[in-house]
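S.K.: 33 is the number of the first residue of the sequence shown in our numbering; add one for each residue after it.
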Amino acid sequence: MKRRLLLVEDDEVFLRPLHRTLELKGYEVVPVQSAEEALESLKTEDVDLVLTDRRLPGMDGVELVRQIKTDHPDLAVVVMTAYGTIESAVEAMRLGAEDYLVKPFEAAELLLVIRRAIEFQELKSANRRTIRRNQERFTFSNIVAASAGML
Numbered sequence: 033m034k035r036r037l038l039l040v041e042d043d044e045v046f047l048r049p050l051h052r053t054l055e056l057k058g059y060e061v062v063p064v065q066s067a068e069e070a071l072e073s074l075k076t077e078d079v080d081l082v083l084t085d086r087r088l089p090g091m092d093g094v095e096l097v098r099q100i101k102t103d104h105p106d107l108a109v110v111v112m113t114a115y116g117t118i119e120s121a122v123e124a125m126r127l128g129a130e131d132y133l134v135k136p137f138e139a140a141e142l143l144l145v146i147r148r149a150i151e152f153q154e155l156k157s158a159n160r161r162t163i164r165r166n167q168e169r170f171t172f173s174n175i176v177a178a179s180a181g182m183l
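#1: Please go through the same chain and pick out, in chain order, the residues whose beta-carbon is closer than 7 angstroms to the beta-carbon of L142, but skip the five residues on each side of it.
#2: List the residues that DSSP assigns as beta-bridge partners of V97.
#3: In whole angstroms, what separates the C-alpha of N166 from that of P105?
#4: Roughly how many whole angstroms lie between the Cα atoms of A124 and P136?
#5: Helix or strand or just coil, what does DSSP make of P89?
#6: Does the region 151–167 come close enough to the region 61–68 to have 3 or more Cβ pairs within less than 8 angstroms?
#7: Considering Cα atoms alone, identify which of E55, D85, E95 and D42 is closest to M112.
#8: Just verifying my parser: in three-state terms, what is the DSSP assignment at V145?
#9: Find the nearest neighbour of L127 within the set A139, Q99 and D42, judged by alpha-carbon distance.
#10: In whole angstroms, what separates the C-alpha of S157 from that of V122?
#11: Can you give the Cα-Cα distance for V94 and V40, rounded to whole angstroms?
#12: If the criterion is Cβ atoms closer than 8 angstroms, does the pair L83 and L37 meet it?
#13: Per DSSP, what kind of secondary structure is E60 in: helix, strand or coil?
#14: Under 7 angstroms Cβ to Cβ from D42, same chain only, skipping five residues before and after it: list those, please.
Now the structure itself:
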């Protein structure tokens, strides 16, 4: 199954080669140039991961992470930036980003981060489904009492 990525990058100089690299590595890429476009795309596009720049026109990448995690909590998000600070990385991760990349980065590093973020998000989703299933299965309403001591 081909993985789909939503790529949010306003800089054409970085968008084109990144888009091409990801497609050559087997990903289907939905490119957009603003956080607002990304949120619109998520209404109709089914993607496995959002890869977003931190600095975007209008809504920034960190606010985009917040919005995505509110509306799509099971969607993996990776933030990238040319202006990396510890504070901005911590903020993005606190809001739910799976990882944070500082530009420029090697293609191998990007591909590893994407793969791990998708795998981690899938594990979290599977864990939530298991917990939900077990809560439904093992409730007190399913206990049948027949003895006087149980009634």
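Just so you know, even glycine gets a beta-carbon here, dropped at the ideal spot from N, CA and C.
M.R.: From the atom records:
#1: Numbered from its first residue, the sequence shown carries residue 142 at position 110. The residues are L133.
#2: In the sequence shown, residue 97 corresponds to position 65, counting from 1. In the DSSP assignment, V97 is bridged to no other residue.
#3: As a working mapping, residue 166 is identified with position 134 in the sequence shown. As a working mapping, residue 105 is identified with position 73 in the sequence shown. One C-alpha to the other measures close to 21 angstroms.
#4: Here residue 124 refers to the residue found at position 92 when the sequence shown is read from its first residue. Here residue 136 refers to the residue found at position 104 when the sequence shown is read from its first residue. Cα-Cα distance, rounded: 18 angstroms.
#5: Mapped onto the sequence shown, residue 89 falls at position 57. Coil.
#6: no
#7: As a working note, residue 112 is residue 80 in the sequence shown. With distances taken between Cα atoms, M112 lies closest to D85.
#8: Counting from 1 along the sequence shown, the entry for residue 145 is found at position 113. Looking at V145 - three-state DSSP - the assignment turns out to be helix.
#9: Looking up residue 127 in the sequence shown gives position 95. For L127, the nearest C-alpha among the options comes from Q99.
#10: For the purposes of this step, residue 157 is identified with residue 125 of the sequence shown, where counting begins at 1. For the purposes of this step, residue 122 is identified with residue 90 of the sequence shown, where counting begins at 1. Using only the alpha carbons, I get a separation of about 23 angstroms.
#11: For the purposes of this step, residue 94 is taken as the residue at position 62 of the sequence shown. For the purposes of this step, residue 40 is taken as the residue at position 8 of the sequence shown. Distance between the alpha carbons of V94 and V40: 12 angstroms.
#12: Locating residue 83 in the sequence shown gives position 51, counting from the first residue. Locating residue 37 in the sequence shown gives position 5, counting from the first residue. Cβ distance < 8 angstroms, so L83 and L37 count as in contact.
#13: Numbered from its first residue, the sequence shown carries residue 60 at position 28. Here E60 sits in strand by DSSP.
#14: Stepping through the sequence shown from its first residue, residue 42 is reached at position 10. If we look at D42 and ignore the five residues flanking it on each side, its Cβ neighbours are Q65, S66, D85, L88 and P89.
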